[in-house]
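Trainee: Residue numbers (our numbering): 98 to 414.
C-beta atoms are modelled at their ideal positions from N, C-alpha and C, and glycine is treated no differently.
Have a look at this one.
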DNA sequence: TTCCAGGGAAAGC
DNA sequence: GCTTTCCATGGA
């Protein structure tokens with residue numbers, strides 16, 4: 098059993114002026130959880146290191162970590178990269194966006210602090226394979242159960258007592274999992290469990306990793322096509338993997354909420370029709386005309402949260 | 001009981 | 001190739 102202690106306390110001051118407060122952990126960050134020690138923290142495990150966010154204000158982020166580096170980067174550099182603090186997607190929107198959609202612009206500006214995290218590709222693939230046709234709550238539960246059952250336990254030694262964390266399982270751990278046992282972690286969905294195992298074996302044998310590793314050089318469509326060869330990964334999930342796990346901020350996933358705001362906010366008529374494969378691509382093209390190409394997915398994610406919270410009045414993130 | 005939840009794949013045209 | 005139908009599960 099690994100026992101970790103917090104050895105680092107670091108203050109990060111983003112270059113841009115983001116109001117990260119409250120919005121930082123929105124959405125795709127399924128493995129972030131609130132924990133209670135003396136005051137609210139947010140905690141997650143990156144590789145084998147534990148990361149705690151102690152405080153976030155408009156000007157800085159205070160971070161605690163169990164090591165002085167992660168993935169070969171200093172904690173400060175890692176945080177900047179991990180939270181994509183270099184991206185100001187509001188500024189990256191096309192010039193005429195504000196003039197063309199003033200009401201959306203007004204609603205969207207407070208969401209500029211929503212960050213897309215550069216999360217681990219394998220973890221994101223598994224996470225979004227768990228995300229078909231079910232609610233956020235159940236997605237989170239599946240990911241937690243998978244980590245608890247197949248990940249490595251890490252204990253954090255704190256003055257207030259031990260806290261238990263789990264690393265996300267390696268591809269090998271899931272590749273060798275028993276389907277019926279894994280299905281207990283996937284809402285008893287055996288097909289999903291089998292798909293994850295098959296994917297993990299592909300990942301292990303480098304059938305998937307080239308597209309992931311080389312994604313920066315790889316045309317987006319090639320990355321997506323490679324992902325879609327896996328059973329259990331369709332177009333939407335492939336886009337989510339590219340966006341949240343491969344740093345492809347041009348990938349634009351379309352789900353039921355995105356489809357709704359594409360019609361309600363931007364008047365794209367095709368968004369009233371069924372999401373067939375052809376219509377899905379068509380809607381992406383239309384969205385890129387409005388949001389620009391390079392950060393279409395990033396902007397879409399802000400719009401996604403803005404829509405859910407401001408219009409649909411949903412509380413859960 | 002019914003219907004929805006950040007879809008996917010098989011069957012059908 | 002594109003569209004419609006079926007599938008699967010938990011929770012409100």
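Are the beta-carbon atoms of residue 142 and residue 264 separated by less than 8 Å?
Mentor: Yes, the Cβ-Cβ distance between residue 142 and residue 264 is below 8 Å.
Trainee: For residue 157, is the classification buried or exposed, using 16 other Cβ atoms within 10 angstroms of its Cβ as the cut-off for buried?
Mentor: Residue 157 is exposed by the Cβ-count criterion.
Trainee: Spell out the partners DSSP gives residue 140 in its beta bridges.
Mentor: BP columns for residue 140 point to 130 and 149.
Trainee: Who are the near neighbours of residue 365 in its chain, counting only those whose CB is closer than 6 Å to its CB and skipping five residues on each side?
Mentor: So the qualifying residues of the chain are 359 and 383.
Trainee: DSSP has residue 259 in a bridge; who is on the other side?
Mentor: 254, per the DSSP bridge assignment.
Trainee: Taking the alpha helix (DSSP H) that residue 295 belongs to, which residues open and close that run?
Mentor: Segment 287–301, the alpha helix (DSSP H) holding residue 295.
Trainee: Below 8 Å between beta carbons: does that hold for residue 214 and residue 349?
Mentor: Going by C-beta atoms, residue 214 is not nearer than 8 Å to residue 349.
Trainee: Excluding five sequence neighbours on each side, which residues of the same chain lie with their C-beta closer than 6 Å to the C-beta of residue 108?
Mentor: Contacts found: 157 and 159.
Trainee: CA-CA distance, residue 147 and residue 171?
Mentor: Each residue's Cα considered, the two are about 14 Å apart.
Trainee: Out of curiosity, what's the CA-to-CA distance linking residue 465 and residue 312?
Mentor: Not covered by the structure: residue 465. The range shown for the chain is 98 to 414.
Trainee: By how many angstroms is the C-alpha of residue 267 removed from the C-alpha of residue 280?
Mentor: Between residue 280 and residue 267, the C-alpha separation is close to 17 Å.
Trainee: Counting Cβ pairs closer than 8 Å, one from the stretch 330–337 and one from the stretch 245–264, do we hit at least three?
Mentor: No, they do not touch.
Trainee: On the premise that residue 347 lies in contact with residue 321, defined as a C-beta separation below 8 Å, what is that separation, rounded to the nearest angstrom?
Mentor: Not really, about 11 Å apart at Cβ, beyond 8 Å.
Trainee: If you compare alpha carbons, which of 285, 375, 400 and 272 is closest to residue 194?
Mentor: Cα-wise, what sits closest to residue 194 is 400.
Trainee: Is the beta carbon of residue 126 less than 8 Å from the beta carbon of residue 140?
Mentor: No, these two residues do not count as a Cβ contact at 8 Å.
Trainee: Along the chain, where does the alpha helix (DSSP H) containing residue 160 start, and where does it finish?
Mentor: Premise fails: residue 160 lies in the beta strand (DSSP E), 158–162, not in any alpha helix (DSSP H).
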